[in-house]
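Undergrad:
In my numbering, the protein residues as written are 291 to 565.
(1) Near residue 404, which residues of its chain fall below 6 Å by C-beta distance, leaving aside the five closest residues on each side in sequence?
(2) If you draw a straight line from the C-alpha of residue 421 to the C-alpha of residue 437, how long is it?
(3) Looking only at its chain, what residues have a beta carbon closer than 6 Å to the beta carbon of residue 545, apart from the 5 residues adjacent to it on each side?
(4) If you follow the alpha helix (DSSP H) that residue 391 is part of, which residue opens it and which one closes it?
(5) Leaving out five residues on either side along the sequence, give the residues of the same chain with a beta carbon under 7 Å from the beta carbon of residue 489.
(6) Are the CB atoms of residue 482 and residue 450 within a distance shorter than 9 Å?
(7) Beta-carbon within less than 8 Å of residue 413's beta-carbon, same chain only, minus the 5 sequence neighbours each way: which residues are those?
(8) Residue 442 and residue 383: beta carbons closer than 9 Å?
(9) Which residues in the same chain as residue 548 place their Cβ atom closer than 7 Å to its Cβ, once the five residues preceding and following it in sequence are excluded?
(10) If I measure Cβ to Cβ from residue 501 and keep anything under 6 Å in the same chain, skipping five residues before and after, which residues do I get?
(11) Output yes or no for whether 9 Å exceeds the beta carbon distance between residue 430 and residue 372.
(12) Look at the Cβ atom of residue 359, then the Cβ atom of residue 486, and state whether they are nearer than 9 Å.
(13) Quick one, are the C-beta atoms of residue 459 and residue 534 less than 9 Å apart?
(14) To the nearest angstrom, how far is it from the Cα of residue 387 to the Cα of residue 364?
(15) On the three-state DSSP scale, how would you describe residue 459?
(16) Rounded to whole angstroms, how far is the Cβ of residue 475 from the Cβ of residue 542, which I believe are closer than 8 Å?
(17) So, helix, strand or coil for residue 421, using DSSP?
(18) For residue 406, which of helix, strand or coil comes out of DSSP?
(19) Any heavy atom of the ligand ADP closer than 8 Å to the CB of residue 403?
(20) Would you kindly check if the distance between the Cβ of residue 480 and the Cβ of residue 419 is under 9 Å?
(21) Taking C-alpha atoms, which residue in 366, 532, 538 lies nearest to residue 472?
(22) Express the C-alpha separation of residue 362 and residue 433 in angstroms, rounding to a whole number.
(23) For residue 470, tell me which candidate among 417, 396, 540, 367 has the shortest Cα-Cα distance.
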């Protein structure tokens, strides 16, 4: 009977939490040879370890904030250069439409390589920093920086498309269409420039005006001009010019929309900034 009771006590003790099992063994005179050290002696080193760990966490927190600030500064510099290249690509692509200068078109392609390289560099920096113990604000900034770089890279791709359309197309004979192209592209270029400034310098943020009506007017005017040109001639070259004009109009409109989205992204990333 006594042996059965001891076995039952052992089985019931196995399933108890560690602290409760230790207390049961120590209070039971039959288990003195198997008892763990007293609770106070066992808890002492753990308490000291917690205090040392807390001190180390404070030091690592300070180091982490310094690393976050350095990371944010590096990303700001890369985005500033990337935004400058993208804005220049837009301006050069529109310039090709009027100058027909192949050297300007080649410069656009060269800048695209720089933009792609900086986009890859920013992604690598963000992914490496994400693997560390970044602060929550730094992680938020990191995600915003990745989105900014992705949006700038997309705008650069549209600028390359605009560059190709400009090389294929004769200078628009309609002065209104030509001025609309220049105006909408210039507005997109300025919005890209201001969005990057807002993101890298939150204290100097400038409210961007909503110009959503510009692309609509531009699209309607371009469609009317293209339709009139298509009805007026059956020349294959002129018909090709119509299609090119429509593609160019769509490209400029998308460029403008993405520039607006870039400005909204920069404004939304502003309130809690790291660095």
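C-beta atoms are modelled at their ideal positions from N, C-alpha and C, and glycine is treated no differently.
None of these values were measured; they are calculated from a predicted model.
TA: Put simply:
(1) 375
(2) 18 Å
(3) The answer, listed in chain order, is 448, 478.
(4) Taken as a continuous stretch (DSSP letters only), residue 391 belongs to no alpha helix (DSSP H), as it is neither H nor E.
(5) 369, 438, 556, 559
(6) no
(7) Excluding residues within five positions, the ones whose Cβ falls inside 8 Å are 436, 439.
(8) no
(9) 441, 444, 445, 448
(10) In this prediction, residue 501 scores a pLDDT of 47, lower than 50, which makes its location untrustworthy; the coordinate-derived value is nonetheless stated afterwards. Closer than 6 Å at Cβ, skipping near neighbours: 477.
(11) Going by C-beta atoms, residue 430 is not nearer than 9 Å to residue 372.
(12) no
(13) yes
(14) 36 Å
(15) Here residue 459 sits in coil by DSSP.
(16) 6 Å
(17) coil
(18) helix
(19) Ligands in the displayed structure: none, and consequently the ligand ADP is not present.
(20) no
(21) 538
(22) 12 Å
(23) Here the closest residue by C-alpha is 540.
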